[in-house]
Amino acid sequence: MCCVAACGGGAKGAASKANLVHPIPGHALSGMEGKDLVLLPIAYIRPGDKLGWVTAMKSPRDYLRESDSLMEESLKGHAYKVKWVFPEQLRRSAARSAGMIQGPDEISEQQLLPYFWKPSHPLYDPLAGQLRNIIAAQNARYVLAPVEIRFVSPLDASGEAPPPPGAPPLPPVQLAVLRLALLDAEGTFVLWAGDVTSDTARTADAATASLVTRLGDLLGQP
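Just so we're aligned, residue 34 is where the sequence shown starts under my numbering, counting upward by one.
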């Protein structure tokens, strides 16, 4: 698992655009009822949030594992019409394969990051081959990839201008934003990509709890 993903390219404008929220489509899992859908672990957490939540984490890796567990619990309770294959099942399958199956924490998902991904581009190696390896072992075709979690201010998420000099200070709150992509791993293309956002919160844990609840609500809709 690569826990931290830094914004590439170095351009301030590109980094700012990478904070904007692009909602996932309505009825995002329409047509997935009764189908096997592989859920990958969250691949990255973006550093450099304005309130320093990521820097303050003792272990970003442990935070991501805990977030995976919360996400699994939320999806089991809300999006129960889908036949999920969750990260722990993928890890057990990889451990039994003696290196024949790609471990889910070793997937190279950089091309799906908000500041790299382009809608018209197909999946390419190594990601395409890694996904084919996983779905062959699970007898599935579709993969839901939680690519990156980031913490941003409400202004950054909306693209609004910062307050003018002398304005009252903004409250110390941020949003948790999760970039998701639904992948056709057999056809090696992205069906959709977008973001799920939490309510504003004063801590990373509170933002994450809100985020996974919102995720279950959105993906559990018929």
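Cβ atoms here follow ideal geometry from the backbone N, Cα and C, with glycine treated the same way.
Residue i and residue j closer than 7 Å at C-beta
i	j	result
Asp101	Phe184	no
Val176	Leu145	no
Thr236	Val206	no
Phe119	Glu105	yes
Ile182	Ile78	yes
Leu248	Ser107	yes
Gln135	Gln171	no
One or two residues paired with residue i in a DSSP bridge
i	result
Leu123	Paired residues: none, contrary to the question.
Val54	Its beta-bridge partners do not exist; DSSP assigns none.
Gln207	Ala234
Residue range of the beta strand (DSSP E) that includes residue i
i	result
Pro179	175-185
Ala236	The amino acid at residue 236 is misidentified as Ala; the sequence shows Thr. Counting along the chain, Thr236 falls outside any beta strand (DSSP E), and DSSP gives it neither H nor E.
Lys116	116-118
Val71	69-72
Residue i - containing alpha helix (DSSP H), residue span
i	result
Asp101	93-111
Val87	86-89
Residue i in three-state terms, based on DSSP
i	result
Ala161	helix
Arg247	helix
Gln135	coil
Ala214	strand
Ala242	helix
Ala226	strand
Gln171	helix
Can you find at least 3 beta carbon pairs, one from the stretch 84-101 and one from the stretch 219-233, that sit closer than 8 Å?
The stretch 84-101, when compared against the stretch 219-233, does not touch it at the 8 Å Cβ threshold.
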